[in-house]
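Chains as they are written, first to last, in the numbering used here: chain A, 161 to 624; chain B, 62 to 169. Glycine is no exception: its CB is placed at the ideal position from the N, C-alpha and C atoms. Everything below concerns the one structure shown next.
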């Protein structure tokens, strides 16, 4: 077997990237394997920071699901290594959602860290991805079809009206532009996970097919290695002929199974990856064990799109939200839990009528997680928890909806119940404010004339 | 015919969001023999998944045997998008439970 790529380049013309985290800020970078990665001659340090996995609340409310301290710590770890080694650092989909405020937040953190560590001046490039709902309204008014993905209907004006915030998902283009402008650090708005890794490779002339695959396989860091262990660094190397990936944590290896297994992770179909400008066809990929801990991949194909269509993600507010929790131990009450929640719901209806709010009961111990797909639905556990959500236009009303629905389970009238002093057990005799309720309103694509059309780029300076 | 549970044969059984409107399931095997045994047995076929999850065939958007990873993979359209009120699995990460106990016949 050849020597590990960890200890040296496998060809003359290569580009090596260390990825320390698959979702920067969401859980901290593990320092040990990142240090090994930084000692393995990387040409860049790159990490994605966003995901629509976190649900519609962060995008809708323009917040992060990651704590500020963790975001700062991860950016500090990457920035200090990047400046010490003199290699660029790229972060994509800043702050979980990649909205403008999250990009500004990350750029601010980078500048503050540069001051704190008295780093010599360097260039910070960034781009925005937000799309004004006004632009969508104008496009719709002009007769354009904003097509739905995954079975959704085409966008209509009512859905735009119900939407708080929209981001477009960028491709490699703004990253390449900012690298051309000699950015040392790039903070990206919302973008395809693979784009921030593919961009520097495409810019240096590596084949697009390999470059996009390179991004696809690096973006989740050690998720492509085994045994399972997240947030550890991996090192990738692209040549004109192949992509290689190796684990930096000594206890982990990249194997054919782990790398091919990751290639299909979080996607409906293992063969195709779509992004602005085209898609990747991985159906003819060949995976080889290059050395004990490194996998070599060849054979992906890049298929340019006949029409540029950008993916749009949008979130719309439903209302303010309060949450209550009750427990149930009486077997008769458990067997009749639907009658209990129906009773509680009826009490809300008597107070507020049929419309203008939502009540949801999640019955843990029976079918909260899988709902109607739960095969064990008719065999509930010996104790249940019912989590109640009350959602309404104002916080006061949401609190009252949740309170009625929670407390009235205590008073539910079941014909045969022996316990007449209270039908449920309270963990807390209160309801708690939760994040407002949002929903994904946009999962669509829109035509653009130019791949940079929705993604304005900027360059600023940091350091002293 | 004696059989084993899928959880005794597969290396990985998982579910996860594939975008905001779908949940994808991966069943990954340790070797070709077990991969082929389960693939040929039909216990993870579209029909079998419709039965186990109580869903219409139309909700299974993809169903493939992915040989490089020795995996069987299928994807189900969500009833409501991830994180909508009432959805209790924002990441779609706990939908695979019913797969663990599937009986796989020996095939001999």
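inquiry  = Strictly below 9 Å CB to CB, what residues from chain B border residue 230 of chain A?
reply    = Simply none; closest approach about 18 Å.
task = Could you spell out the range, first to last residue, of the alpha helix (DSSP H) harbouring residue 588 of chain A?
result = Counting along the chain, residue 588 of chain A falls outside any alpha helix (DSSP H), and DSSP gives it neither H nor E.
query = Once you ignore the five residues that flank residue 601 of chain A on each side, which residues in its own chain have a CB closer than 7 Å to its CB?
reply = 319, 322, 323, 474, 475, 476
request  = For residue 198 of chain B, go through chain A and note every residue whose CB falls closer than 7 Å to its CB, in chain order.
outcome  = Within the shown structure, residues of chain B are numbered from 62 to 169, placing residue 198 of chain B beyond reach of any answer.
inquiry  = DSSP three-state label for residue 132 of chain A, please.
reply    = The question about residue 132 of chain A has no answer here: the residues shown for chain A are numbered 161 through 624.
message = Please report the straight-line C-alpha distance between residue 615 of chain A and residue 288 of chain A, rounded to a whole angstrom.
response = 5 Å
task = Quick one: which residues of the stretch 427-447 of chain A get their C-beta closer than 9 Å to a C-beta of chain B? List them in chain order.
result = 427, 428, 429, 430, 431, 442, 445, 446, 447
request  = Would you kindly report the start and end of the unbroken beta strand (DSSP E) that includes residue 249 of chain A?
outcome  = 249-256
message = Check whether the stretch 510-522 of chain A and the stretch 450-465 of chain A touch, using three or more Cβ-Cβ pairs below 8 Å as the test.
response = no
Residues sharing a beta bridge with residue 119 of chain B, DSSP = Per DSSP, none; premise fails for residue 119 of chain B.
request  = Would you kindly check if the distance between the Cβ of residue 423 of chain A and the Cβ of residue 626 of chain A is under 7 Å?
outcome  = Outside the modelled stretch of chain A, which goes from 161 to 624, sits residue 626 of chain A, for which no answer is possible.
Beta-carbon neighbours of residue 151 of chain B, restricted to chain A and to distances below 8 Å = 213, 214, 215
task = Using the DSSP secondary-structure output, state which residues sit across from residue 449 of chain A in a beta bridge.
result = A:455
key: Pair within 7 Å by beta-carbon distance, residue 621 of chain A and residue 281 of chain A   = Residue 621 of chain A places its beta carbon less than 7 Å from that of residue 281 of chain A.
Per-residue contacts from residue 333 of chain A into chain B (C-beta, under 7 Å) = Those do not exist, as residue 333 of chain A stays about 22 Å from chain B at its closest Cβ, beyond 7 Å.
task = Could you have a look at residue 604 of chain A and say whether DSSP puts it in helix, strand or coil?
result = strand
Runs of alpha helix (DSSP H) wholly within the stretch 299-328 of chain A (minimum 4 residues, chain order) = 317-321
ask   = Hey, quick one: how far does the alpha helix (DSSP H) through residue 529 of chain A stretch, first residue to last?
value = Where residue 529 of chain A is concerned, there is no enclosing alpha helix (DSSP H), given that its DSSP letter is neither H nor E.
key: Contact belief for residue 84 of chain B with residue 161 of chain B at Cβ below 8 Å, rounded distance in angstroms   = Actually they are not in contact, since the Cβ atoms of residue 84 of chain B and residue 161 of chain B sit about 16 Å apart, beyond 8 Å.
task = Answer yes or no: do residue 533 of chain A and residue 115 of chain B have a C-beta to C-beta separation smaller than 7 Å?
result = With contacts defined by Cβ atoms closer than 7 Å, residue 533 of chain A and residue 115 of chain B form a contacting pair.
request  = Per DSSP, which residues does residue 632 of chain A bridge with? Please list them.
outcome  = The displayed coordinates of chain A run from 161 to 624. Any statement about residue 632 of chain A would go beyond what the structure contains.
task = Name, please, each residue of chain A whose Cβ falls closer than 9 Å to the Cβ of residue 113 of chain B.
result = 533, 535
key: Among B:142, B:100, B:141, B:144, the one whose alpha carbon lies nearest that of residue 124 of chain B   = The residue with the shortest Cα to Cα distance from residue 124 of chain B is B:100.
task = Could you tell me which chain B residues have their CB closer than 9 Å to the CB of residue 530 of chain A, listed as they occur along the chain?
result = 114, 149, 150, 155, 156, 158, 159
query = By the criterion of Cβ-Cβ separation under 7 Å, what are the contact partners of residue 134 of chain B in chain A?
reply = 424, 430
request  = Confirm, please, whether the CB-CB distance from residue 208 of chain A to residue 316 of chain A is below 7 Å.
outcome  = no
message = I want to know whether the stretch 579-596 of chain A touches the stretch 459-474 of chain A - three or more CB-CB distances under 8 Å.
response = no
task = Output yes if chain B places a C-beta closer than 7 Å to the C-beta of residue 182 of chain A; else output no.
result = no
inquiry  = Considering only their Cβ atoms, is the gap separating residue 347 of chain A from residue 254 of chain A smaller than 7 Å?
reply    = Less than 7 Å separates the beta-carbon of residue 254 of chain A from that of residue 347 of chain A.
Closer than 7 Å at the beta carbon, the chain B residues around residue 420 of chain A = The contact set of residue 420 of chain A on chain B, defined by CB atoms closer than 7 Å, consists of 129, 130 in chain order.
query = Taking buried to mean at least 16 other C-beta atoms within 10 Å of its own C-beta, is residue 262 of chain A buried or exposed?
reply = buried
Outcome for residue 360 of chain A when other beta-carbon atoms lying within 10 angstroms are tallied against a minimum of 16 = buried
key: Reference residue 217 of chain A, options A:268, A:480, A:362, closest by Cα   = A:480
query = So the beta strand (DSSP E) residue 223 of chain A belongs to, where does it begin and stop?
reply = It is not in any beta strand (DSSP E) - residue 223 of chain A carries neither H nor E in the DSSP assignment.
key: Residue of A:421, A:357, A:370, A:362 minimising C-alpha distance to residue 385 of chain A   = A:421
inquiry  = At a CB distance below 9 Å, what residues from the stretch 554-585 of chain A approach chain B? Give them in sequence order.
reply    = When C-beta distances to chain B are compared with 9 Å, every residue of the stretch 554-585 of chain A stays at or above that value.
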